[in-house]
Every structure is written in structure tokens, then in C-alpha cells.
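Engineer:
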Amino acid sequence: MDQYSDLHLVAQEIIERVVQIQEVSSDIELALDETEGISRQLGRTAQQMQIGMTQVRMRPLAELTRRFPRQLRQLSLEHGKSVTLKEKGTGTLIERSILEALQDPLMHLLRNCFDHGIESPEMRQNLGKPVEGSIMITASYRGNQTVITVSDDGGGINLEKIKTKVVSGLGLTNEEISTFSEQEILDLIFEPGFSTAEAVTDLSGRGIGMDVVRKNIEAIQGTVQVETELGVGTTFTLVVPLSLSVTRVLVVECQGLFVALPASIVEEMTLLSPSQILTAADRELIEWQGYTVPLLRLEHWIRFNRPPIKLETESVPIIDQEGALIVTQGNAPYAIYCDRYWGEQEVTTRLVEGNISLPPGFSGCVVLGDGRIVPLMDTEALLSWILSQPVPPFGPAAQPVTSPPQHLSAETSNLKNSTWDSAERPTVMIIDDSINVRRFLAITLEKAGYRVEQAKDGLDALEKLREDNNIDAIVSDVEMPRMDGFRFLATIQTVETCKAIPVVMLTSRSGTKHRQLAQQLGAADYFSKPFKQNELLGRLAELTQVSS
Numbered sequence: 000m001d002q003y004s005d006l007h008l009v010a011q012e013i014i015e016r017v018v019q020i021q022e023v024s025s026d027i028e029l030a031l032d033e034t035e036g037i038s039r040q041l042g043r044t045a046q047q048m049q050i051g052m053t054q055v056r057m058r059p060l061a062e063l064t065r066r067f068p069r070q071l072r073q074l075s076l077e078h079g080k081s082v083t084l085k086e087k088g089t090g091t092l093i094e095r096s097i098l099e100a101l102q103d104p105l106m107h108l109l110r111n112c113f114d115h116g117i118e119s120p121e122m123r124q125n126l127g128k129p130v131e132g133s134i135m136i137t138a139s140y141r142g143n144q145t146v147i148t149v150s151d152d153g154g155g156i157n158l159e160k161i162k163t164k165v166v167s168g169l170g171l172t173n174e175e176i177s178t179f180s181e182q183e184i185l186d187l188i189f190e191p192g193f194s195t196a197e198a199v200t201d202l203s204g205r206g207i208g209m210d211v212v213r214k215n216i217e218a219i220q221g222t223v224q225v226e227t228e229l230g231v232g233t234t235f236t237l238v239v240p241l242s243l244s245v246t247r248v249l250v251v252e253c254q255g256l257f258v259a260l261p262a263s264i265v266e267e268m269t270l271l272s273p274s275q276i277l278t279a280a281d282r283e284l285i286e287w288q289g290y291t292v293p294l295l296r297l298e299h300w301i302r303f304n305r306p307p308i309k310l311e312t313e314s315v316p317i318i319d320q321e322g323a324l325i326v327t328q329g330n331a332p333y334a335i336y337c338d339r340y341w342g343e344q345e346v347t348t349r350l351v352e353g354n355i356s357l358p359p360g361f362s363g364c365v366v367l368g369d370g371r372i373v374p375l376m377d378t379e380a381l382l383s384w385i386l387s388q389p390v391p392p393f394g395p396a397a398q399p400v401t402s403p404p405q406h407l408s409a410e411t412s413n414l415k416n417s418t419w420d421s422a423e424r425p426t427v428m429i430i431d432d433s434i435n436v437r438r439f440l441a442i443t444l445e446k447a448g449y450r451v452e453q454a455k456d457g458l459d460a461l462e463k464l465r466e467d468n469n470i471d472a473i474v475s476d477v478e479m480p481r482m483d484g485f486r487f488l489a490t491i492q493t494v495e496t497c498k499a500i501p502v503v504m505l506t507s508r509s510g511t512k513h514r515q516l517a518q519q520l521g522a523a524d525y526f527s528k529p530f531k532q533n534e535l536l537g538r539l540a541e542l543t544q545v546s547s
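Now the structure itself:
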């Protein structure tokens, strides 16, 4: 009986201890819940404070533009032109530091529109335009960017005049200029020392201006573009970030180096396996949503002065696997290779000060939540620089292509695996003023088993067709110098030996009117960029089979 009593006491004590442990566990859970609630509240408070601090730094664009009407009136009196300034959306809020950086570029663009854009009252009257010229400044938000346009209703920019000035002043030859697209010619006005002014005045002619405008805009991580129509006017478009101090970025790891990319420019992140990487003509490619996309490895282009190591940190990556970030340049997608993905963060951005210039494609740095400093990539500048460089050798992950990609249609796969020798293979001519587009299409078609001829515009294509009319199909762009795609279509129909050759249009113009015009002129098909490779190859297989 005594033993039973002792056991009963021990059991009772154990039960009490279990109850106490359960109570402590419950208290801990309550404390954790309370801590999580406090943490969420602190996060919301910090975010509200950040928004409030950002709003304090924001100022309307009108604070900058309100001094422009007086400047314009003074210029009108000095130079005998009647010009009015119109504003739309100048109540748009812009961070103070960005607004200050925009002051000189906007003032120069205003003076440029007045001097080079707006014609004299007599000329405007002869052209049937209102005697009073008009300059308009507009501002609006686009995602996490601010878009500002400065446009005039003047005479536009004469491309032939630019070509003449470039040949005489920048050392380019007529042959080099003839390969430029209209946009590339327009972009020459941003070259240092370029000016179309006939004489030096207080307004222009010193060769200092548009290059400084672009440099100042790029210094605040912005871009500037120009569009013009002869006799109608010119528009300058400035795209700047909403804030220089805070931005959302994706943090990735490349060869042991952390790199940040603005989240707004990344279309998608896709995982990679070695079997997905194809190689053709010394370039690595991957398949993405039906497109063949060039794969860019930073270590092939930028030499990091450090050994490649896999960083060991207290935190773990979101994705510990090879991947690619899909970004676009113009209408073309590109894939940037990364070893690991560390997630998306809202970070503080900083400019890098000092006399040592940043590598191509980097615009500054960001401060991560744990205090680490990470370089910030400017993908547009990086891709522009990479596309201007020679093709690098194969990387360590490069795999020669031994079979056609799986996305190819049955017709194109049969074409690739056929027993034709090089003389019997169908020949496709590519007509495009962009050497990068021609190179990419040539790689695609040669992989599919075609012989490829290339021409830089419609006139060049006609000359080559006269020398060799053994062409089975033609793939042509629309917008090209000297002779565009539509004029080429119309001309080839009048050439007896060439009018039976099927012509496929491949262009960034996706409008219905352009498609209908191409069909009326005899185009066999019409594809808009970006295009799906399997559809283009399938159509070419049908056309070359019929034509041969």
C-alpha cells in the first residue's frame, strides 16, 4: 500500500509538471504571436515612414517649368519668333534630387526646340502653319518611372543634314552611314561635338548640348530618346525613375558576386538545366515561350578581379539553382544567366563616387537590408555594349547542338535531317538594316538547314538578286534606309525573274494597316516582332517546298 502511495505521488507530480509545461508552451505561443504582431506593425510603420519621407522629397514638375514661359518670351523678343509654351501633367510629383538634375537638360531641350525646331514666322506662313509656334511639355507616370516629353510643331530633323555633318565632323564614312537605321542616325545628335547649326550663336553652334543632356539624364539612371517627322515636329522623351533613393530590385548571384537588377525591367525568371542551353555560331541560346533567346553570361563580358567562389552566408537563397532573367532590349528578349536567386527587395540606391569609372552596364550600387553593398545593373546600357562587342568564345556550359531543337516543326526537322548537300539546300535571303537581327536570323535558319544570303536594305537585295536569282524565299524587314520593305515588295513584282519568290515580312510594325498593305503588295506572310521561331520556320518550310 505504501508503494502504491509513493507511485501515486510520483505520477501526480509528473502530471503537474506536464500541465506546467503546457502552460509555459501556451505562454510562449502567445508571446510569439504578440511578437509577430509587433513585427508586422513595425514593418507597416517603417513603410509608412518611408512613404512619408519620399513624399516630403517629392516636388511637382511645375516648380521647374514655371520659369520657362519667361525664358521663352525673352527668346521670342530676341530672335523674332512667336512661340507659346503648353504644359500638361506638370503637377506630376518628382523627387527633389531628380528635379534638380532635370533643370539643365529640360532648359537645353526647350532652347533646342526654339532654335532648331520652330521655323521663322515667314516660313511657317508659307507652309500653311500658324505663325505662332508651339512647344509642349508633358509628364506622366509609367509604372515606377516618370515620363517627360518635350515636343515642338516645327520642321523636324533633317536626316540628310545629320549625315552630312557626321561625315564632315565625326569622321564616319558614307559607307558606314548607309548601314545605319533612321533611329541610329537620329541618335547621332547625342554624340559629343555634334551640331547642325551653320553658325555659332548665343543659342547653338558650339557643339555642346545634346551629349550633355544624355549624360545628365543617364547620371540619374534615366534615358532620352528622340522621334521626328519632317515638316511636323520633333519629340524628346525622357524616362527617369520615380526615386533615386529607394527602388525594388532582384538580387542574384553570378560567379560569387551579388548583383541587383531593377525589378521593373525583368520580364520573368526561368530555371535552367544544362540540356536547355543550345549553342550556335559561338552563341549560347535558350528556348523561352516559343522564342530562341540569346543567353548572356556576365563573366564572359566583364572580368571580375576576384576568384569565382560560392558565397556562404547566414541566409539562404530563394532559389539555389541556375537560372536566367529575361529582359528586353527594344523588341528583342535576352536572358541573363545567374547561379542563384536571392529574392526581391526594396533597397536604398547610391551613386558611386570617385575617379574610377564603373564597368559597362552598371549605374551605381544598392544597400541591402543586412547592410551589404551590391552593384546595380543598368541592363539597357549593358545589352547595348554587349551587342557592340565581338562574340566571345564558348563558355564552360556551352554544348554543341547535335540535333534540331524540339520546338521545330516536322517539316523543318525533316529539312535539317535530309540528305541534301549545300548546293541543294533551299536558300533564304534575309533583308534587314540591323546586323544583329540578320546575324540572329542567319543562325536560326542555318540551324534549320537553309543556306542564307543577307542584304542590308531593299536596294542591296535587288542588286544581289540580279547577280544570283537562285533564292527560294525572302525574309524582309519594313523600316530600312534607301529602300524599305514595302517599296522592295512593289519593285520585286515588276522583275520577271524574281516576282515568283515568296516574301515573308518580319517587322516590329504590328498594325492592321501595315499587314493589309503587305498583303496587297504580294507578301506571302507577315510576322511581327518578337516572333515565334517555330511558326516562321514552319511557314518557310511550306514556301520553299512549293517554290522548289
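Note that numbering that gives the first Met the number 0 has the sequence shown beginning at 0, numbered continuously upward. Glycine included, C-beta positions come from ideal geometry on N, C-alpha and C. The structure displayed is predicted, hence computed values, not measured ones.
#1: Mind checking which residues open and close the beta strand (DSSP E) that includes Phe361?
#2: Just to confirm my understanding: we take Phe530, look at its own chain, exclude 5 residues before and 5 after, and list those with CB closer than 8 Å. What are they?
#3: Are there 16 or more other CB atoms within 10 angstroms of the CB of Tyr525, so buried, or fewer, so exposed?
#4: So, helix, strand or coil for Val494, using DSSP?
#5: State the DSSP-derived secondary structure class of Lys85, mapped to helix, strand or coil.
#6: Could you pull out every residue in the same chain whose Cβ sits closer than 7 Å to the Cβ of Leu294, ignoring the five residues on either side in sequence?
#7: For Gln144, collect the residues of the same chain with a Cβ closer than 8 Å to its Cβ; drop the 5 residues on either side in sequence, then sort them by chain order.
#8: Which of the three DSSP states, helix, strand or coil, is assigned to Ile442?
#9: Tell me whether His299 is buried or exposed, calling it buried when 16 or more other Cβ atoms sit within 10 Å of its Cβ.
#10: Nearest CA to the CA of Phe179: which residue from Ala523, Ser433, Gln518?
#11: I think Ile470 touches Ile500, with their Cβ atoms under 8 Å apart; what is that distance to the nearest whole Å?
#12: Along the alpha helix (DSSP H) that carries Arg371, what are the first and last residues, could you check?
#13: Taking the beta strand (DSSP E) that Gly342 falls in, what are its first and last residues?
#14: From Ile134 to Val146, what distance separates their C-alpha atoms?
#15: Run through the DSSP bridge pairs and tell me what Gln328 is partnered with.
#16: Can you give me the C-alpha to C-alpha distance between Glu534 and Ser272, rounded to a whole angstrom?
#17: Quick check: is any heavy atom of the ligand HEM less than 7 Å from the C-beta of Gly88?
#18: Please name the residue or residues paired with Thr234 in a DSSP beta bridge.
#19: How should Ala30 be labelled, buried or exposed, when 16 other C-beta atoms within 10 angstroms of its C-beta is the threshold for buried?
#20: Any idea if Glu252 is buried or exposed, counting beta-carbon neighbours within 10 angstroms, 16 or more meaning buried?
#21: Flag this pair as touching only if the stretch 117-133 and the stretch 96-107 have three or more C-beta atom pairs under 8 Å; answer yes or no.
#22: Measuring CA to CA, which of Lys463, Glu478, Arg424, Glu466 is closest to Val436?
#23: Considering only DSSP beta bridges, list what Pro293 is partnered with.
#24: Taking the runs of the alpha helix (DSSP H) that are 4 residues or longer, which of them lie wholly in the stretch 102-141?
#25: I think Thr629 touches Ile156, with their Cβ atoms under 8 Å apart; what is that distance to the nearest whole Å?
#26: For Glu478, does the three-state DSSP call read helix, strand or coil?
#27: Out of Thr493, Glu462, Arg95, Val149, state which residue places its alpha-carbon closest to the alpha-carbon of Ile219.
#28: By a C-beta neighbour count over all protein chains shown, 10 Å radius and 16 as the cutoff for buried, is Thr348 buried or exposed?
#29: Buried or exposed: which applies to Tyr449, given that a residue is buried once 16 or more other Cβ atoms fall within 10 Å of its Cβ?
#30: Rounded to whole angstroms, how far is the Cβ of Thr148 from the Cβ of Phe235, which I believe are closer than 8 Å?
#31: Considering only the alpha carbon of each residue, which of Thr91, Ser81, Leu76, Gln40 lies closest to Arg58?
#32: If you count every other CB in all the chains shown that lies within 10 Å of the CB of Lys512, and 16 or more means buried, which is it?
#33: Could you name the residues that DSSP lists as bridge partners for Met504?
#34: Compare the beta carbon distance of Gly342 and Val250 with 8 Å and say whether it is the shorter of the two.
#35: Skipping 5 residues on each side, what residues in its chain have a beta carbon closer than 8 Å to that of Gln124?
#36: Measure the CB-CB distance between Val494 and Ala522 and report whether it falls below 8 Å.
Structural biologist: This is what the structure holds:
#1: 361-366
#2: Tyr290, Leu505
#3: buried
#4: coil
#5: strand
#6: Ile276, Glu283, Leu284, Ile285, Ala323, Ala334, Tyr336
#7: Val238, Val239, Pro240, Leu241, Ser263
#8: helix
#9: buried
#10: Ser433
#11: 6 Å
#12: That residue, Arg371, is in no alpha helix (DSSP H); it is neither H nor E in DSSP.
#13: 339-349
#14: 17 Å
#15: Ala331
#16: 25 Å
#17: This structure lacks the ligand HEM; in fact it carries no ligand of any kind.
#18: Ser150, Glu226
#19: exposed
#20: buried
#21: no
#22: Glu478
#23: Leu284
#24: 120-125
#25: Residue 629 cannot be examined here, being either before or after the span of the chain that is shown, 0 to 547.
#26: coil
#27: Arg95
#28: buried
#29: buried
#30: 7 Å
#31: Thr91
#32: exposed
#33: Ser475, Tyr525
#34: yes
#35: Val130
#36: no
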